[in-house]
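Undergrad: Questions regarding the structure given below will be posed in turn.
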Amino acid sequence: MRPEVQRWFAEQAYSPERYARFRTALEEAVGCRIEFRVCEAPIFVAHPFREQLERAAREITLQCATAHYRALSEAAIPGPYRVPNEPDRPLFAVVDFAVVEEAPGKWGLRLVELQGFPSLFGYQYFYARLAREIYMLGEQWSYTFSGLSDQQYWDILRRAILAEHAPEEVVLLDYRPEQQKTRPDFTALERQLGIDAVDICSLRKEGRRLWRRRKGRWIPVRRIFNRVIVDELEEHRVQLPFCWTEELEVEWAGHPNWYFRMSKFALPYLRHSTVPRAYRLSEVEELPPGEVRRFVLKPLFSFAGKGVVLEPTEADLRAIPPQMRHLYVLQERITYAPCVYTP
């Protein structure tokens, strides 16, 4: 971490006028209005710490791709959502770390959660590029991992999402995509890759094929860039035009099974220096008095922090019915380091 650079940014580079210009430029770049709060300051990290982040994320992801963990995580996939033709590793993986202070001035990492599911790969690129440009940060500050150039970043993302297909035959699939908070990412990817965000309910199934309507004609869907959050479908009781368990003639860019496998379900099984203690609630018979305060209660498959109880009590644990306890984990509480200067 670079607290001195964060302070310099807040006191010298940042101004309300520059931020307004940055936000306007960001909305123009992604192609839609941004409804959520846009972070005022980028996070600056030293090169060795960036390498530490990369290494830890890679090692944790590789643990999730082992045959041993895949056998364990069979239980994570609900029967109605088990999609055929699963690859042996996730196409997309995101690992979320907290920064902790292990000793005065020594920064470390603690795993918060992880997902075998895409993140804001389009939006985050434009955020970083425009922050460097408008705040005049200089070329010494890079925003891609592994030393990738901008072109290399987009080439990798294009191959992952489109493979060898024409953009019109690939869809970014979500439920009511025009209403999602992640819409700025969808429109950014549409501009860069030429793919449309399509409502999962608007698809049509004929035999083993899925079709989407575009400009008055039906086009076969060859590949799906999957952004569907299953608990949202459950919450709204969405009726789909196909079943997840069907053998369909379609490729998945981000296979749906990995949404379940590489999730908070993995937390109790990971063995890494950055991983806090975690237990499946169904396997916790009793905690010593007061011990529950050391943990955070998390539902396995919620998204964006929904349903997380930061300060659970014994009563909170008892309130979860026995048949639902396998859907929760207790994760050791993390003390976040105050390493980002905030005026």
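In my numbering, the protein residues as written are -17 to 325. Ideal placement from N, C-alpha and C gives every residue a C-beta, glycine not left out. Predicted, not measured: the structure shown is a model, and the values here were computed from it.
(1) So, is residue 95 buried or exposed, given that buried needs 16 or more other C-beta atoms within 10 angstroms?
(2) Residues in its own chain within less than 7 Å of residue 204 by CB, not counting five upstream and five downstream?
(3) Within 10 angstroms of the Cβ of residue 168, are there 16 or more other Cβ atoms? Answer buried if so, exposed if not.
(4) Alpha carbon to alpha carbon, what distance is there between residue 26 and residue -13?
(5) Report the residue ranges of all beta strand (DSSP E) runs contained in full by the stretch 277 to 312; include only those spanning at least 3 residues, in chain order.
(6) Go ahead and pull the three-state DSSP assignment for residue 61.
(7) Mind checking residue 237: buried by the 16 CB within 10 Å criterion, or exposed?
(8) Report the rounded CA-to-CA distance for residue 188 versus residue 230, giving the unit in angstroms.
(9) Compare the Cα-Cα distances from residue 88 to each of 34, 253, 214 and 133 and report the closest residue.
(10) Is residue 101 closer than 8 Å to residue 243 when the C-beta atoms are compared?
(11) Measure the Cβ-Cβ separation of residue 108 and residue 139 and say whether it is below 8 Å.
(12) Quick check: the Cα distance between residue 328 and residue 156, rounded to an integer number of angstroms?
(13) From the DSSP output, in three-state form, read off residue 333 for me.
(14) Using 8 Å as the cut-off, can you tell me whether the stretch 157 to 165 makes contact with the stretch 65 to 81, which would need three or more C-beta pairs spanning the two stretches below that distance?
(15) Within this structure, are the beta carbons of residue 112 and residue 11 separated by less than 8 Å?
(16) If you draw a straight line from the alpha carbon of residue 207 to that of residue 143, how long is it in whole angstroms?
(17) Report, in whole angstroms, the separation of the C-beta atoms of residue 39 and residue 81, which I expect to be a contact under 8 Å.
(18) Between which two residues does the beta strand (DSSP E) holding residue 97 run?
(19) For a test of the three-state rule: what should DSSP assign to residue 123, helix, strand or coil?
(20) For residue 250, which residues in the same chain have their Cβ closer than 7 Å to its Cβ, ignoring the five residues on either side in sequence?
(21) Mind checking residue 240: buried by the 16 CB within 10 Å criterion, or exposed?
(22) Taking its Cβ as the centre, do 16 or more other Cβ atoms sit within 10 Å of residue 105, making it buried, or is it exposed?
(23) Under 8 Å, with one C-beta from each stretch per pair, do the stretch 3 to 17 and the stretch 170 to 179 reach the 3-pair mark?
(24) Tell me whether residue 2 is buried or exposed, calling it buried when 16 or more other Cβ atoms sit within 10 Å of its Cβ.
(25) Under 8 Å between the Cβ atoms of residue 149 and residue 16?
(26) Pick from 180, 177, 219 and 225: whose alpha carbon is nearest that of residue 190?
(27) CB residue 22 to CB residue 319, shorter than 8 Å?
(28) Does the beta-carbon of residue -3 have 16 or more other beta-carbons within 10 angstroms, so that it is buried, or is it exposed?
(29) Roughly how many whole angstroms lie between the Cα atoms of residue 123 and residue 284?
(30) DSSP on residue 261, reduced to helix/strand/coil?
(31) Taking a contact to mean a Cβ-Cβ separation below 8 Å, would you say residue 158 touches residue 316 in this structure?
(32) Use the C-beta contact count for residue 245: other C-beta atoms within 10 angstroms, 16 or more gives buried, fewer gives exposed.
TA: This is what the structure holds:
(1) Counting the other Cβ atoms within 10 Å of the Cβ of residue 95 gives 16 or more, which makes it buried.
(2) 147, 151, 152, 232 and 233
(3) buried
(4) 7 Å
(5) Runs of the beta strand (DSSP E) lying entirely within the stretch 277 to 312, each at least 3 residues long, are 277 to 281 in chain order.
(6) Looking at residue 61 - three-state DSSP - the assignment turns out to be helix.
(7) buried
(8) 10 Å
(9) 34
(10) Not closer than 8 Å, so no.
(11) no
(12) Because residue 328 is not part of the residues shown, which for the chain are -17 to 325, the question remains open.
(13) Nothing about residue 333 can be read from this structure; the chain reaches only from -17 to 325.
(14) no
(15) Against a cut-off of 8 Å, the Cβ pair of residue 11 and residue 112 comes out as a contact.
(16) Residue 207 and residue 143 have their C-alpha atoms some 6 Å from each other.
(17) Residue 39 to residue 81, Cβ: 14 Å. No contact.
(18) 88 to 97
(19) coil
(20) 260, 261, 262 and 311
(21) buried
(22) Burial is judged here by how many other beta carbons sit within 10 angstroms of a residue's own beta carbon; residue 105 has at least 16 and is buried.
(23) yes
(24) exposed
(25) It is not a contact, given that the beta carbons lie outside the stated cut-off.
(26) 225
(27) Going by beta carbons, residue 22 and residue 319 fall outside the 8 Å limit.
(28) exposed
(29) 34 Å
(30) strand
(31) no
(32) buried
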